[in-house]
Amino acid sequence: MAEASYPDDLRYHPEHDWARVEGDQATFGITWYAQDALGEVVFFDPPEVGTQVTKDGAYAEVESVKAVSDVFAPLSGEVLEVNDDLEETPEKINKDPYGEGWLVKVRLSDSAEADSLMDATAYQDLLRSGS
Amino acid sequence: MTPDPSATIFERSREGRRAFVPPAPDVPEVPIDELLPASARRGRPAELPEVSEPEIVRHYNTLSKMNFDLDTGFYPLGSCTMKHNPKLHERLAALPGHARLHPLQDPAYAQGALELMWLLERALWRSRGCPMSRFSQARARTASWPACC
Amino acid sequence: MLDAIGVGSLEDLFAEIPEGVRLGRELDLPEGRAEQEVYEELASLAARNGHCDDEVSFLGAGMYDHYVPALVDSIVQRSEFLTPYTPYQPEISQGGLQVMFEFQTAISELTGLPISNASVYEGPSAVAAAGYLAKLETGRTKLVASRGVHPHSRAALRTHAAGYRMAVEEVPLTAEGATDAAALASEIDDDTAAVFLQQPNFLGTVEELGELAEAAGGKGALVVCAADPLPLGVLKPPGEQGVDICVGEGQTLGNRLDFGGPSFGFFAAQERFIRKLPGRIAGETRDVDGKRGFVLTLQTREQHIRREKATHNICTSQALNALAGVIYLSWLGKRGLVEIAELMLRRTHYARQALGLEAINPGPVVREFAVRVPDLDALFERARAEQINPGYRLGSDYPEYEDGLLIAITERRTRADIDRLATVAAAAREGVAA
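Keeping their order, the protein sequence lines are chains A, B and C. Reading the first sequence from the start, the letters are residues 1 to 131 in the working numbering. Reading the second sequence from the start, the letters are residues 1 to 149 in the working numbering. Reading the third sequence from the start, the letters are residues 1 to 434 in the working numbering.
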C-alpha cells in the first residue's frame, strides 16, 4: 500500500497493531506505519489455533529482510483462525495490511478491553508526536 | 577464454574428469558388499564435481579476484579490528611440528605445543593483570561465555 | 599523521578514557625481536613435538591423518581468501560467498539433507548447537545421547545444555559396540527434545541408523546424527535414514591436524528447520542487472538482528577451513570419494585380521575399530621404540573398555605400516624383543 491509511472502523494499539471488532470476535493485523517501518515482509510466524493471546502481549513475529518484530495482541482472547495465505505470500502484509494482510481472528475474552484502544485519529496523533 | 565467473564448481563438472588418483592397492580387493551390508551402503555416489586440478585452480583463483581483502586495502572497522598479521605466522603454523601434531598425542610427545600455549597464557595474563586465562572458544563473542578471570 | 588529524599527541587519542580504568603502566610483555629470532624460538618448540611425519600414527578418535593435496594450500594461502573480512558487503565479497554456497551444496550432497549452513567452529559445538535447535523446536527439556557419540561432543552438549536448562541422559552400547536400540527406545519419552547418534560411532562401528532413527522419531524427538564426512562417501546418507539434523567435524576434509587447531564443523538439516539453523547461510540471488550473485541470507536468525532470541550466538563461520574442505571434495570428486573410502574399508579389514586382537566391535567398520589389548603399556612401549603410535587408549573415556585401543586406518597407512604394527603387537603379546 503506497500511501498511509488508517481506516476509521478499526481500533488501534500503541505498538502499531489494529483490531476489527465484530461482536465477540475480532481480526488483528499490523498498521500501515508498522509495515512501512519493517520494509518488505518475508515471513510471518503465526501462533497455533487455540492459543490464548493476552492484550499487550506478543503473540507472533513478523520478519523483514533486516529486522524481526514482535506482533502485539491489541485484545485478549483465543485464536480461532490464522491467515494461511501469508505463508506463500507474506508481502500481502505490506500491500494490504488491513485486508488480505490480516494476521489472526480471535474470540474475545473481554470485549470491554476495546474501550482502552485508540481510534484512527488518536493513533495518527500518536504517530505525529513521534512515538 | 575466460570462464564464466558465476558458474559454480558443480556446474563445471564433466563426467569422467578427475584430479585425485588413489594410491596403488596393496591389500586384497575384498568385495565391498562383504565389508559393508547393503542397508548401510550408499545407493549412488554423492554428486560431487568431476573436474581436473587445473580447473579447480582456475575456478577458485577467479573467485578470489572477486574479493576485497586486507592485503589489498584497509577496513575502517571497530567491530573486528582488521590488522596485519605478520606473514611469518603462516610459515610457523605450517611447520610439521605444529601442523602435523594430533590433538590427542601423548603429552610427553607434545611438550613443544604445550609450552607454546603456556607462554601465550602467561603473556595474556601478564598484559592484563589477571591471575589466569583459558583457551577454549574460537572467537571473542563466544569467549564471553567462559569469561577470562 | 597526528598533524593530519589535528591531534597533539598519541595520549590525546585516549583522553576520553576515565583515569580510574586506565592501566597506568607499560604492558608487561617481552620486547619485540627480529623475525629470525622469533622463527628460531618457535621452530625449536615445534621440533620438540612428536608429529605424524615422525611416527607411523594409528591415532584417530575424531581427527585423522589424511593426505591433503598441495592444491589446497596454493589456493587457501591466497591473500584474497586469507585476509578478507566477513562478507557483510556482498558487492566486495562475491568470491567468498560463492565458496560458501558451493561448500553448503557439497555438505548437502554428503549428508542427504537439503539445507546446510556455511560452517561452524568444529564438530562438538555443532552437536551442542543441535541441542539448542531441538529446544527451540520442541520446547522440551531432555536430550538423549548414545555413548557412541564422541566423548568431546557429549561433554560439549552437557556444558551447553546446562546453560539452556536441559538434562542429558546417556544410552549404553551393546556388547558389539553399537548403540543399544532397546535401551534407546526406553530412554526416550514425551519430554525428549532430541536423540544424538554418531555414524560411524566413536569406536568406528557402522550403526543401524535407520532403525535407531525410527525408535527415536516415534515420540516426536528430533534425530541428530554426528557424522564424519569422509566415510559418508560409501555410507547411506543420514538424511535418507530418518535423520533430522546431521552435524560433524570437518577436519578430515582438506584440513591439517594443527594439534586440534582451526577446522570446521558442518550443520545440515531438513528444510523445516531453516529458520532455526545456527550460523551463516549463503544464498543465491540476482543483482540489479539480473546476474547471479550470492549474499548472506536469513540473517534475522542471527544475534546481530535477533539479539537474545537468536538461534545461536555464533556470528561467523570457519570460511577458510570450509574453503579447504570444498577444494578437497572437488579434488576427490564424485568417484575419488568412493575410491578413497573403499581403500580405507579394505585396509581396515586387513588390519583387523593382521593384528589378531580381540575385537570390541566385530561388526562393519570403515576406517577405525576397537580392540582389547592385554597389556597396553607394553604395546605402547614397544611401538614407541619403533616410532609407531598405536592409537587411542579408550579407558579414560570408556571405563567399560579399560583395556581398549582405538585404531585408525586412513589412506596414509599402508599395508607395510599395518604389518609393522602387527609385528609389534605380536611381540608385545609374547613379551619378546620385536
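Idealized CB from N, CA, C, for every residue including glycine.
How is residue i classed by DSSP in three states: helix, strand or coil?
i: H66(C); result: coil
i: Q52(A); result: strand
i: H13(A); result: strand
i: A15(C); result: coil
i: F103(C); result: helix
i: L108(A); result: strand
i: L117(A); result: coil
i: T142(B); result: Reliability fails at T142(B), whose pLDDT of 44 lies under 50, so the model's placement of it is uncertain and the value that follows must be treated cautiously. Here T142(B) sits in helix by DSSP.
i: N389(C); result: strand
i: W18(A); result: strand
i: R122(B); result: helix
i: D70(A); result: strand
i: L203(C); result: coil
i: A2(A); result: coil
i: S119(C); result: coil
i: N321(C); result: helix
i: C293(C); result: This sequence places Gly at residue 293(C); Cys is not what is there. Strand.
i: N361(C); result: coil
i: I9(B); result: coil
i: K155(B); result: Outside the displayed span of chain B (1 to 149) sits residue 155(B), for which this structure offers no information.
i: Y75(B); result: coil
i: I314(C); result: coil
i: I5(C); result: coil
Apart from the five residues just before and just after residue i, which ones in its own chain have a Cβ nearer than 8 Å to its Cβ?
i: P90(C); result: L97, G293, F294, V295, L296
i: P107(B); result: L114
i: P47(A); result: V53, Y59, A60, V79, V82, V104
i: R17(B); result: E50, V51, S52, E55
i: D403(C); result: R372, V373, P374, L376, G395
i: R14(B); result: E50, V51
i: V76(C); result: L82, L320, L323, A324, I327
Just to confirm my understanding: we take residue i, look at its own chain, exclude 5 residues before and 5 after, and list those with CB closer than 6 Å. What are they?
i: S116(C); result: Q104, I107, S108, A268
i: P124(C); result: H152, S153, A156
i: V459(C); result: Nothing about residue 459(C) can be read from this structure; chain C reaches only from 1 to 434.
i: V206(C); result: P200, P364
i: R307(C); result: none
i: N321(C); result: N255, P262, S263, F264
i: E187(C); result: V144, E169, V171
Could you confirm whether any beta carbon from chain E is found closer than 8 Å to the beta carbon of residue i?
i: K83(B); result: Chain labels in this structure do not include chain E; the protein chains are A, B and C.
Give every residue of the same chain whose Cβ lies closer than 7 Å to the Cβ of residue i, excluding the five residues on either side of it in the sequence, and list them in chain order.
i: V42(A); result: E63, S64, V65, P90
i: A185(C); result: A215
i: T410(C); result: Y64, D65, H66, M344, R367
i: D45(A); result: A60, E61
i: L101(B); result: A110, A113
i: D190(C); result: K219
Assuming residue i contacts residue j (C-beta within less than 8 Å), just tell me the rounded distance between them.
i: G333(C); j: A24(B); result: Contact doesn't hold; Cβ gap of about 19 Å is too wide.
i: G239(C); j: G112(C); result: 3 Å
i: A129(C); j: A282(C); result: Contact doesn't hold; Cβ gap of about 18 Å is too wide.
i: D85(A); j: K92(A); result: 6 Å
i: L329(C); j: L253(C); result: 6 Å
i: T311(C); j: L133(C); result: 7 Å
i: A354(C); j: D419(C); result: 6 Å
i: A46(C); j: L95(B); result: 4 Å
i: L75(A); j: L108(A); result: 6 Å
i: I407(C); j: F58(C); result: 5 Å
i: A383(C); j: F369(C); result: 17 Å between Cβ atoms; not a contact.
i: R140(C); j: L173(C); result: So it is not a contact: roughly 25 Å between Cβ atoms.
i: R346(C); j: E34(B); result: Actually they do not touch by this definition, with Cβ atoms about 10 Å apart.
According to DSSP, residue i sits in a beta bridge with which residue or residues?
i: E78(A); result: Q52(A), R107(A)
i: V41(A); result: S64(A)
i: F369(C); result: I407(C)
i: L222(C); result: A194(C)
i: A25(A); result: For the record, residue 25(A) in the displayed sequence is Gln; it is not Ala. Q25(A) is bridged to E22(A), R107(A).
i: R41(B); result: L235(C)
i: N67(B); result: S93(C)
i: K142(C); result: A167(C), T192(C)
i: A211(A); result: Outside the displayed range of chain A (1 to 131) lies residue 211(A), so it cannot be described from this structure.
i: I245(C); result: V224(C), A269(C)
* Ordered list of beta strand (DSSP E) runs contained in the segment 144-197 of chain C, each at least 3 residues -> You should have 167-171.
* **Length at least 3, wholly inside the segment 248-286 of chain C: the beta strand (DSSP E) runs in chain order** => Runs of the beta strand (DSSP E) inside the segment 248-286 of chain C: 265-269, 282-286.
* Which parts of the segment 21-87 of chain C are runs of the alpha helix (DSSP H), unbroken and 4 residues or longer, counting only runs that do not cross its ends? -> You should have 35-46, 70-76, 79-82.
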